[in-house]
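As structure tokens, the structure follows; a few thoughts come after it.
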Amino acid sequence: MVDARTNPRGMPVPALKQLTPVLIVEEVEPCIKFWTDRLAFEVTNRVPDPDGKLIFASVQKEGIEIMYQTRASVISEQPGSAHDLTGHSVALFITVADLDSVEKALAGAPVVKPRHDTFYGSTEIYVLEPGGNTVGFAQFS
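When the sequence shown is numbered by the working numbering, its final residue is 141 and no position is left out of the sequence of numbers.
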């Protein structure tokens, strides 16, 4: 029998506590500005290079955390990884209480998929953040 503490093979399942995406981008600053200026996230970490340009930063708000790291810094940490960074894609999906206020805060951001109702009971909008990642915001009725 499988329960919350074992997998189908009867092996113990480790407890998972949090998922925080690390998005690989060309420039960190515009991505952080997107979250702080539009949605009032707070910057929780900043790692600059010797010239003061951010190579890593994270933002957080109400239990949501997003990290950004430059492609160049990932490659410098692991030189053979350049080929591993091509073709990756991610879309963030964030549940919100009030889609109208979020949509106003996103005004001017490139829309990937306009506001629409889904078959699973939410109203959503998807935009592109400055790092090129798609972010969806959904309000469930």
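Glycine included, C-beta positions come from ideal geometry on N, C-alpha and C.
Expected contact under 8 Å - CB spacing of residue i and residue j to nearest Å
i    : j   : result
F137 : L99 : 6 Å
T118 : A91 : Incorrect: roughly 14 Å between the Cβ atoms, too far for contact.
Residue burial classification, residue i (beta-carbon count within 10 angstroms, cutoff 16)
i    : result
V28  : buried
Q78  : exposed
Q69  : buried
L19  : exposed
Y126 : buried
F93  : exposed
E103 : buried
A57  : buried
Test item: CB-CB of residue i and residue j under 8 Å
i    : j   : result
P130 : C31 : yes
R46  : L39 : no
T36  : V22 : no
Option nearest residue i by Cα separation, candidates the options
i    : options               : result
Q139 : E103, T95, S101, Y126 : T95
V43  : K61, D51, D49, G52    : K61
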